[in-house]
Amino acid sequence: MSNNKIELRTINVTRYITPLREGGSLPALAEGNDDFKYVLKFRGAGHGVKALIAELLGGEIARTLGLRVPELVFANLDEAFGRSEGDEEIQDLLKGSQGLNLALHFLSGALTFDPVVTQIDEEPASKIVWLDAFTTNIDRTVKNTNMLIWHKELWLIDHGATFYFHHSWDNWEKAAKSPFPYIKDHVLLPQASKVDELNDEMISLLNDEKLKEITDLIPVDWMQWEDSDLTPEEIRNVYLQFLILRRDSAQNFVTQIRDARKTLV
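Going by full-length UniProt numbering, the residue at position 144 of the sequence shown is 144; the numbering climbs one at a time, nothing skipped.
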């Protein structure tokens, strides 16, 4: 899987179906010109394009590691889209999201993962915990698992809270080398007994070429930041170098995962 070149399709959003009022980002269920339904993430919401970049990088890294993630697509919103929307908050969101957004294929009929109901095996649990420590994902807790059960399989969703270093952008090298204290709250930590055993495999899947391929997916349009003097290509390179350095410093967060699991005993 990791040897296949990553390519994302681009769709045009043709119909806004309903808001999905989860958190502050107001994602929506929408339909594309390919007649499929998508969970649409808006550039005009909350943390803007940085949340879309996090969603893109987090999702495709998870997929590279062999985990199930709904298909990600770039989603165009026409400037006329949403003019007939009656809700002013949603209308403002749509107006502020004209252009290229990000969407996940909608898994119709999926159920929210409940750790009390469904037990995850040690290997996939360990991979997911490793992934979330690597991507600094603060949002996979008992209160908000961001996982779905679809056709009896576990799917990962919502990686917009990953890579939180980019909201300040200060000293990204230190952030890349740091452990991940929030891993103690991870919903799958009790099952993640094979993180040490799987570490080398995870690292090998995220080679420099694959990480560059993933960061090359970030649209230039998403890296024109008003609060930064860096060019889009300089921003892209920081993301790439962050990922490479974090991978090479993986033992820092693997050790922390091990220590956090000891407190569960």
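Quick reminder that beta carbons are idealized off the backbone N, C-alpha and C, glycines included. Here the structure is a predicted model, which is why all the values come from computation and not from measurement.
Flag this pair as yes or no: are the beta carbons of glutamate 71 and leucine 217 separated by less than 9 Å?
-> Taking the first residue of the sequence shown as position 1, residue 71 is located at position 71. Taking the first residue of the sequence shown as position 1, residue 217 is located at position 217. No, they are not a contact pair.
Where the beta strand (DSSP E) through asparagine 252 begins and ends | As a first step, residue 252 must be located in the sequence shown, where it is residue number 252. Premise fails: asparagine 252 lies in the alpha helix (DSSP H), 250-262, not in any beta strand (DSSP E).
Host alpha helix (DSSP H) of isoleucine 11 (start-end) = Stepping through the sequence shown from its first residue, residue 11 is reached at position 11. Element bounds for isoleucine 11: not the alpha helix (DSSP H) but the beta strand (DSSP E), 10-19.
Give a yes or no on contact between the segment 128-142 and the segment 170-184, applying the rule of three or more CB pairs nearer than 8 Å.
-> yes
Starting from the N-terminal side, write out each stretch of the beta strand (DSSP E) that is 3 residues or longer and does not extend beyond the segment 51-130.
-> 72-77, 99-105
Is it true that the segment 96-106 meets the segment 42-50, where meeting means three or more beta-carbon pairs spaced less than 8 Å apart?
-> With the cut-off at 8 Å, the segment 96-106 and the segment 42-50 touch.
Helix, strand or coil: which one does DSSP assign to serine 2?
-> Counting from one through the sequence shown, the residue named residue 2 turns up at place 2. Its pLDDT being 42, under 50, serine 2 is placed unreliably in this model, and the coordinates cannot settle the point.
Taking C-alpha atoms, which residue in Asp208, Thr118, Ile214 lies nearest to valine 142?
-> The residue given as residue 142 occupies position 142 in the sequence shown. Of the listed residues, the one whose Cα sits closest to valine 142 is Thr118.
Determine the closest residue to threonine 112 out of Lys5, Gly160, Glu7, His151, with distance taken between C-alpha atoms.
-> The residue labelled residue 112 in the question sits at position 112 within the sequence shown. Of the candidates Lys5, Gly160, Glu7, His151, the one whose C-alpha sits nearest the C-alpha of threonine 112 is His151.
Can you grab the Cα-Cα spacing for the pair asparagine 4 / glutamate 88, in whole Å?
-> Against the sequence shown, residue 4 aligns to sequence position 4. Against the sequence shown, residue 88 aligns to sequence position 88. Distance between the alpha carbons of asparagine 4 and glutamate 88 is about 43 Å.
Cβ-based burial, glycine 109 [other Cβ within 10 Å; buried from 16] | Translated into the one-based positions of the sequence shown, residue 109 becomes position 109. Classification for glycine 109: exposed.
Inter-residue CB distance, serine 126 and alanine 192 (contact presumed, cutoff 8 Å) | As a position in the sequence shown, residue 126 is number 126, starting the count at 1. As a position in the sequence shown, residue 192 is number 192, starting the count at 1. Contact flag correct, Cβ pair sits at about 4 Å.
In this structure, what does DSSP give as the bridge partners for glutamate 31?
-> On the sequence shown, position 31 is the one that residue 31 refers to. In DSSP, glutamate 31 forms a bridge with Arg15, Lys37.
Apart from the five residues just before and just after leucine 32, which ones in its own chain have a Cβ nearer than 8 Å to its Cβ?
-> By one-based count along the sequence shown, residue 32 stands at place 32. In the sequence under discussion, the amino acid at residue 32 is glycine, which differs from the leucine named in the question. So the qualifying residues of the chain are Ile11, Asn12, Val13, Thr14, Tyr38, Val73, Ala75, Ala103.
Residues in its own chain within less than 8 Å of leucine 52 by CB, not counting five upstream and five downstream?
-> Numbered from 1 along the sequence shown, position 52 holds the residue referred to as residue 52. Closer than 8 Å at Cβ, skipping near neighbours: Lys41, Arg43, Asn101, Leu102, Gly160, Trp222.
Burial state of asparagine 171, where buried means 16 or more other Cβ atoms lie within 10 Å | Numbered from 1 along the sequence shown, position 171 holds the residue referred to as residue 171. Exposed: under 16 other Cβ atoms inside 10 Å.
Leaving aside the five residues before and after glutamate 122 along the sequence, list all residues of the same chain whose C-beta is less than 8 Å from its C-beta, in chain order.
-> Translated into the one-based positions of the sequence shown, residue 122 becomes position 122. Answer for glutamate 122: Gln191, Ala192, Ser193, Lys194, listed in chain order.
CB-CB under 8 Å to isoleucine 17, same chain, minus the five flanking residues each way: which ones, in chain order?
-> Walking along the sequence shown from the start, residue 17 turns up at place 17. Cβ neighbours of isoleucine 17 beyond the five flanking positions: Ala28, Leu29, Ala30, Glu31, Lys37.
Same chain only: Cβ atoms within 6 Å of leucine 206, ignoring 5 sequence neighbours per side | Residue 206 sits at position 206 when you count from the first residue of the sequence shown. Taken in chain order, the residues that qualify are Arg247.
Cβ neighbours of serine 2 in the same chain (closer than 7 Å, five flanking residues each side left out) = Taking the sequence shown and counting its residues from 1, the one referred to as residue 2 is at position 2. Summary for serine 2: the model assigns pLDDT 42, below 50, so the residue's position carries little reliability; its value from the coordinates is reported in the next sentence. Around serine 2: Thr64, Leu205, Lys210.
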